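A.B. asks: In my numbering, the protein residues as written are 1148 to 1392. Note that CB positions come from ideal geometry on N, CA and C, so glycine has one too. Keep in mind that this is a model prediction, so the values were computed, not measured. Mind having a look at this structure? Questions to follow.
Here you go:
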């Protein structure tokens, strides 16, 4: 991914000076590998240790016809399109990673300008017709405010839960300087990890992709929360460069 050079130099300088030693990337594969490549190329050590597994729900595809289908993650794409061929004129992805996963199935999509729930809602308001029938493909518990907001502005919304998240607690055996998390479920799994209070703690900088996830982290007791400008590797890199320890 393209990275702003000024941020890249700041991040590399901090990493090389020893300010940041280990960044724990908690998201699942293959997304974690994309983040790792960017962080390592900028001087950071990376601990890839996913805290969430995903499993299919086997929930049946709704038998309605839809004007718009929205995919909230690459996992949603994989779990949906392996069981159902979807015919719809307008397909929307929450981000580039989701869009690229759709392309592997031969499906083109519109890509929201921002990967936040607020950004996706704003994009849909501008780009889909009033009173559209909208299907949202996601995991259980994913961005449920979106359904409410779309319904309030007159759309007919159905949710298709194609996977569920399962917490996992990987072995952490070295000091963690920064933790990257992608969801509220990931925050809870990090907090419950046996290494909490040993190799990291509630004061360890926690990089999150949105204010919503930040609120969950605050409820769990984390005290050093950094809200990134988005959910891409370059967004995380920018935040790492700006952290004061």
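1. Residue 1252 and residue 1271 - do their beta-carbons sit closer together than 9 Å?
2. Nearest CA to the CA of residue 1220: which residue from 1207, 1211, 1168 and 1312?
3. Put residue 1319 into one of helix, strand or coil per three-state DSSP.
4. Do the CB positions of residue 1240 and residue 1356 come within less than 9 Å of each other?
5. For the region 1329–1342 and the region 1356–1368, state whether three or more C-beta atom pairs, one from each stretch, are separated by less than 8 Å.
6. Taking 9 Å as the cut-off, decide whether the C-beta atoms of residue 1290 and residue 1198 are in contact.
7. Three Cβ pairs or more, each shorter than 8 Å: is that satisfied between the region 1201–1215 and the region 1180–1192?
8. What are the residues that DSSP puts in a beta bridge with residue 1285?
9. From residue 1195 to residue 1277, what distance separates their C-alpha atoms?
10. Helix or strand or just coil, what does DSSP make of residue 1263?
11. Using the Cα positions of residue 1299 and residue 1249, report the straight-line distance between them to the nearest angstrom.
12. Identify the continuous alpha helix (DSSP H) that holds residue 1294 and give its terminal residues.
13. Return the Cβ separation of residue 1110 and residue 1319 in integer angstroms, given the expectation that the two are a contact with Cβ distance under 8 Å.
14. From the DSSP output, which residues share a beta bridge with residue 1199?
15. Suppose the cutoff is 8 Å on Cβ atoms and the five residues either side in sequence are ignored; what does the same chain contact list for residue 1149 look like?
16. Quick check on the DSSP output: the alpha helix (DSSP H) that includes residue 1217 runs from which residue to which?
C.D. replies: Answer, in terms of the structure:
1. Numbered from 1 along the chain shown, position 124 holds the residue referred to as residue 1271. Numbered from 1 along the chain shown, position 105 holds the residue referred to as residue 1252. Against a cut-off of 9 Å, the Cβ pair of residue 1252 and residue 1271 comes out as no contact.
2. The count along the chain shown starts at 1 and reaches residue 1220 at position 73. Nearest of 1207, 1211, 1168 and 1312 to residue 1220, Cα basis: 1312.
3. Mapped onto the chain shown, residue 1319 falls at position 172. Here residue 1319 sits in coil by DSSP.
4. Your numbering for residue 1240 matches position 93 in the chain shown. Your numbering for residue 1356 matches position 209 in the chain shown. No.
5. yes
6. Here residue 1290 corresponds to residue number 143 of the chain shown, with the count starting at 1. Here residue 1198 corresponds to residue number 51 of the chain shown, with the count starting at 1. The answer is no: Cβ separation not under 9 Å.
7. no
8. Here residue 1285 refers to the residue found at position 138 of the chain shown. Beta-bridge pairing links residue 1285 to 1308.
9. For the purposes of this step, residue 1195 is taken as residue 48 along the chain shown, with counting starting at 1. For the purposes of this step, residue 1277 is taken as residue 130 along the chain shown, with counting starting at 1. Approximately 43 Å, taken between the alpha carbons.
10. Translated into the one-based positions of the chain shown, residue 1263 becomes position 116. DSSP places residue 1263 in coil when its eight states are reduced to three.
11. Here residue 1299 refers to the residue found at position 152 of the chain shown. Here residue 1249 refers to the residue found at position 102 of the chain shown. In a straight line, the C-alpha of residue 1299 is about 28 Å away from that of residue 1249.
12. Looking up residue 1294 in the chain shown gives position 147. Its alpha helix (DSSP H) spans residues 1292–1299.
13. Lying before the first or after the last residue shown, residue 1110 is absent from the chain, which here runs from 1148 to 1392.
14. Numbered from 1 along the chain shown, position 52 holds the residue referred to as residue 1199. Note: residue 1199 sits in a beta bridge opposite 1314.
15. Residue 1149 sits at position 2 when you count from the first residue of the chain shown. Confidence is the limiting factor: at residue 1149 the pLDDT is only 45, short of 50, which leaves the residue's position unreliable, though a coordinate-based value still follows. Excluding residues within five positions, the ones whose Cβ falls inside 8 Å are 1381.
16. As a working mapping, residue 1217 is identified with position 70 in the chain shown. Per DSSP, residue 1217 belongs to no alpha helix (DSSP H); it is in the beta strand (DSSP E), 1215–1218.
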